[in-house]
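Beneath this line is the structure, given in structure tokens, with notes to follow.
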Amino acid sequence: MELEKKWRNENVNRTLPANKADLELFQEKYNIALPDDLANYLQSLNGTGGDCTDDLFEFYSIKKIKKIKEEFKDWVGIPNYQKLLSIKEINDLYVFANMNFNLFAYAIKLTKSLEEANEVYILCGDKYKKIADSFSEFINLYLDSSIELQFIDTV
Numbered sequence: 001m002e003l004e005k006k007w008r009n010e011n012v013n014r015t016l017p018a019n020k021a022d023l024e025l026f027q028e029k030y031n032i033a034l035p036d037d038l039a040n041y042l043q044s045l046n047g048t049g050g051d052c053t054d055d056l057f058e059f060y061s062i063k064k065i066k067k068i069k070e071e072f073k074d075w076v077g078i079p080n081y082q083k084l085l086s087i088k089e090i091n092d093l094y095v096f097a098n099m100n101f102n103l104f105a106y107a108i109k110l111t112k113s114l115e116e117a118n119e120v121y122i123l124c125g126d127k128y129k130k131i132a133d134s135f136s137e138f139i140n141l142y143l144d145s146s147i148e149l150q151f152i153d154t155v
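Below, the structure is given as structure tokens:
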């Protein structure tokens with residue numbers, strides 16, 4: 001797996017892989033279904049163990065992944081993620097990573113149905129936009145160091 005090799009080369013600490021019970025508990029807690037690509041990732045790598053990668057990404061373990069409202073309810077800082085809490089369209093987004101100590105956060109859409117797309121969004125303060133149609137597509141952007149992983153305002 002290319003992602004695992006990258007993190008090994010960067011000496012990133014890893015947490016223990018999530019087990020089936022961890023996945024079931026998460027799905028029951030939030031009443032959602034995990035897509036296969038995200039479930040496989042959690043069962044093999046399960047985040048960066050609180051460390052940042054060389055390019056300043058922190059990927060969360062299943063125990064740290066939360067809905068936007070949970071992740072940012074007590075947020076104090078810049079950018080101001082508190083402004084996201086009132087936006088209904090993003091209620092189904094779960095934060096699974098951040099870059100540059102929360103300058104940008106990344107969230108995936110999770111619902112009860114695996115029929116719905118599991119789009120991935122970049123968040124920055126009160127701004128958000130879709131950057132990938134799946135977790136796998138997001139990982140490919142990450143491995144390619146894509147500019148899409150940064151929130152660039154266009155005039």
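Going by the UniProt record's numbering, the sequence shown wraps up at 155, each residue one higher than the last.
Glycine included, each C-beta is placed from N, C-alpha and C at the ideal position.
Just mark residue i as buried or exposed, buried being the case when its beta carbon has 16 or more other beta carbons within 10 Å.
i   : result
M99 : buried
L42 : buried
V76 : exposed
Alpha helix (DSSP H) containing residue i: first to last residue?
i   : result
L23 : K20 to Y30
D51 : No alpha helix (DSSP H) contains D51, which DSSP labels as neither H nor E.
Y41 : D36 to S44
Rounded to whole angstroms, what is the Cα-Cα separation between residue i and residue j?
i    : j    : result
M1   : S136 : 12 Å
L38  : K130 : 17 Å
I147 : K112 : 31 Å
L34  : I139 : 16 Å
N11  : N46  : 15 Å
D51  : E4   : 14 Å
E24  : S86  : 29 Å
By DSSP's criteria, residue i is part of a beta bridge. Which residues make up the other side?
i           : result
E58         : N98
residue 163 : Residue 163 lies beyond the range of the chain shown here (1 to 155); nothing can be said about it.
Looking at residue i and the ligand MG, is the gap between the Cβ and the nearest heavy atom below 7 Å?
i    : result
E148 : Among the components modelled here there is no ligand, and therefore nothing to report on the ligand MG.
Which ranges would you report for the alpha helix (DSSP H) in the region 85-153 if only whole runs of at least 4 residues count?
With a minimum length of 4 residues, the continuous alpha helix (DSSP H) runs that stay inside the region 85-153 are 135-143.
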